[in-house]
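Residue numbers (my numbering), protein chains in the order written: chain A, 1 to 115; chain B, 1001 to 1088; chain C, 2001 to 2246; chain D, 3001 to 3060; chain E, 4001 to 4150.
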C-alpha cells in the first residue's frame, strides 16, 4: 500500500508511452499522451496525501480541527489539468493541419512521404 | 476502510488507462478516455483533492471528448482517396 | 527501420524506463506519510490571509506568478490553435444543414444551458471559499454555451456566441491579471503581492485580498479561451470544406 | 417591437432570473449582502443566455 | 461514518468496473451506453463519499458531474448519430437500474441530512443526474434523427 500509488503512476506512464510509440493514428497518439499526463496527476497527488486527513478547504470545517493534505501539489495538478487540455487541443489542431496537407494521419505513411 | 477505496480507485484508473491505449480507433478511445476522466475524478476525491477532481470533471467529461470527436470528424471528411472512410 | 525492430526497441526502452521508475518509487516518501513541510506552511499562510480554500491561496496568492505563466501557456495554446485552424485560401465555407433534434433533447439543452452557466459562475465566484475556482468554473461555463450546438445546431450556437467578443474577452482578462499584479508596484510592494486589499472576514466572498479578483480574471480568461478554441474546431469540422479540385 | 412582445420578453427573462437566483441560493452555504449581489448578477447573465438560446432555436 | 465510504466503494467498484468493461469491449452501441451509465453511477458514489468524509463542500463534485456528464454523452450521441442510426442502442434495464440507484442514494442522504439548504442542493443534484441520464439515453436512441453532417 505504501508504494502502490507510485507504482500505478509509473505503470500508467509506461503504458501511455507504449501506446504513443506503437500508435498508427495521430489522434490516437494524442489520446495516449493524455494518458501519460494522467500519470503525473496521480504521482503528484500521491506525494501530497496524508493518512486520515481531509482537503485543506475550510469553508465547512474549523481550521485545525482535522489534519489536512498538502495543498501545494494540488494547486500544481489543478492548473496542469486545464492547461494540459488546451495543449491537447493544440496538438489536435496540428493533426488536423497534417491531415489537410498530407492526406493521412498515419505516422508511418507520413514518414514515407518525407522520404 | 479509507485505504480500500483508494486502492479501488487506483485499480480502476490503471484499467481505464490500459483500455484507452489498446483501443486503437480514436472514437472508441475517446469513449474510454471519458470514463478514464471519471475514474480519475473519483481517485482525486478519495485522495482528498476536490479542487483537482472538479478540474478533471470539467475538462474530461465534455471538453476533451468534444475536441477529439471534432478532430476525428474533420479528418474523416477528407476525400476518399486518402484511405480513411469518407462521409457516411 | 522496420516495425518489428522498432517494437523491440520500444520494449527494451520501456523495460528500462519501467525498472528505473520502479526503483524511484521505492525511495519516495511513503504514501500517506505525515511529513509535508511545504503543505503545512502553505496552510498557515492561507489562514493568516483569511483565504478558506488553501488551494486558491496557493494558486492566486503564494504562487500567483506561476499562475501567470500557466495563463500565458493557455493564451499561447489558443493563439496557436487559431493560427493553425484558420481558413486557408483553398477552402470555402458551406452552411451546414439545420439539424433535426428530438424535442426532449432540445428542451433539456435549453434548460441545462442557463443552469450550467450559473453553476460555472458559482464555481468561479466561490473559488476562494469552497472547492473550485477560475480554472474549473471557466471550463464549465464555456461548456454550457456549447449545449446550443449539441441540442440544436451550429447556426443556433453562432447566434448566441459572437466569437470576436470572446477573443477580446480573452485578451482583456489576461491584461486584467497583469494590471492587478502591477497595481501594487507603485505602492512599493512586489509584483502580484497580495497586499493591495484588506483580507476581509474569513469565509466570506470578499475575503482573501486580491485572490477573488485574480480568480475572476482567470475564470473569464479560461471561459473565453475554451469558447474560442472550440469555435475554431467547430468551424473546421462543420463549416469549412476544401475545394474539391485540389 | 410591439408592447405585448416586449412585456413577454421581460417576463421570460425575469422568470429565468428568479429561478436561477433560487438555484444560486441553494448552492451557497451562508447568505450575506455581497452574496445576493453576485448571485443576482450571475442569475441575470444566465437569464439573458437562456432567452438568447431559446430565441436562437425558435426564430428562424 | 465508515458505512458511507463502504457503500460508496461498492457503488463505484461495481458501477465503474462494469462501465469500464462495457466501454472497452463490444460493439459501438454498447460502448456509448456504458459511457453514459458510468457518469450516472459515479455521481451517487461521489455523494456517498461526501457524506462519508463529512464534507458538504465535496457535493460540488457530484453537481458538476451531474451537469456535464450528460453533456459528454450528448457529444457522442450528436457526432456519432450516423453510426448509431442504423442500430440504435436501447438499454432500458441498465438505464433504469442506474437511475433507481441514483434516486435511492439521494433520498437516503436527504433523510440523513434533514431539511435545509443542503437537502435542497442534494435534491437538485438528484434531479440533474436522473433527468440527465434519461435524456442522454433518449438522445443515444434516435435523439438526432436528421443529423448527418453539421
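Just so it is clear, CB atoms sit at the ideal spot from N, CA and C, and this is done for glycine as well.
Please read these numbers as outputs of a predicted model, since none were measured by experiment.
- A distance below 8 Å between beta-carbons, with the five flanking residues on each side excluded, links residue 46/A to the following residues of its chain, in chain order: 5, 6, 9.
- Interface with chain E (8 Å Cβ-Cβ cutoff): residue 1024/B is excluded.
- Under DSSP, residue 2092/C takes part in a beta bridge, and its partners are 2241/C.
- Relative to residue 1053/B, the option among 2135/C, 2009/C, 2192/C whose CA is nearest is 2135/C.
- Counting only Cβ-Cβ distances below 8 Å, residue 102/A has no contacts in chain C at all, with the closest Cβ about 13 Å away.
- Not a single C-beta of chain E is nearer than 8 Å to the C-beta of residue 40/A.
- Per DSSP, reduced to three states, the secondary structure at residue 54/A is strand.
- The residue from 2213/C, 2091/C, 2209/C, 2044/C with its alpha-carbon nearest to that of residue 2175/C is 2213/C.
- According to the DSSP secondary-structure assignment, residue 68/A is paired through a beta bridge with 54/A.
- By the criterion of a C-beta distance shorter than 8 Å, residue 4028/E is surrounded in its chain by 4080, 4083, 4084, once the five residues flanking it on both sides are discounted.
- Chain E has no Cβ within less than 8 Å of the Cβ of residue 35/A.
- Within the region 2213-2245 of chain C, the residues whose Cβ lies closer than 9 Å to some Cβ of chain B are 2226, 2229, 2230, 2233, 2234, 2236, 2237, 2238, 2240, 2241, 2242, 2244, listed in chain order.
- Closest option to residue 2194/C, judged by alpha-carbon separation, among 2018/C, 2203/C, 2215/C: 2215/C.
- Residue-level contact check: residue 3021/D does not touch chain E, since none of the beta carbons of chain E fall below 8 Å from its beta carbon.
- If you draw a straight line from the Cα of residue 4144/E to the Cα of residue 2108/C, it is about 14 Å long.
- Looking at the DSSP output, residue 2059/C sits in no beta bridge, so it has no partner there.
- Taking the C-beta atoms as reference points, residue 4004/E is found no nearer than 8 Å to residue 4068/E.
- Judged by DSSP secondary structure, residue 2204/C falls outside any alpha helix (DSSP H); it is assigned neither H nor E.
- Chain B places a beta carbon closer than 8 Å to that of residue 2146/C, counting this residue as a contact.
- Taking a Cβ-Cβ cut-off of 7 Å, the neighbours of residue 2205/C in chain D comprise 3034, 3035, 3038, given in sequence order.
- Closest by C-alpha distance to residue 3014/D, out of 3053/D, 3026/D, 3048/D, 3052/D, is 3048/D.
- If you compare the alpha carbons of 2217/C, 2150/C, 2171/C, 2202/C with that of residue 2238/C, the shortest gap goes to 2150/C.
- In the same chain as residue 2200/C, and ignoring 5 residues on each side of it, the C-beta atoms closer than 8 Å to its own belong to 2050, 2206, 2207, 2208, 2209, in chain order.
- Per DSSP, reduced to three states, the secondary structure at residue 2032/C is strand.
- The beta-carbon of residue 4016/E is placed less than 8 Å from the nearest beta-carbon of chain B.
- Interface residue (Cβ-Cβ distance to chain D less than 8 Å): residue 4138/E is not classified as such.
- Residue-level contact by beta carbon holds for residue 2118/C and chain D, with a gap shorter than 8 Å.
- The beta carbon of residue 38/A sits closer than 8 Å to the beta carbons of 12, 16 from its chain, once the five residues preceding and following it are set aside; these are given in chain order.
- Contact annotation: the region 83-97 of chain A touches the region 2062-2081 of chain C, with at least three C-beta pairs closer than 8 Å.
- Within the same chain, and ignoring the five residues on either side of residue 91/A in sequence, the residues whose Cβ sits closer than 6 Å to its Cβ are 30.
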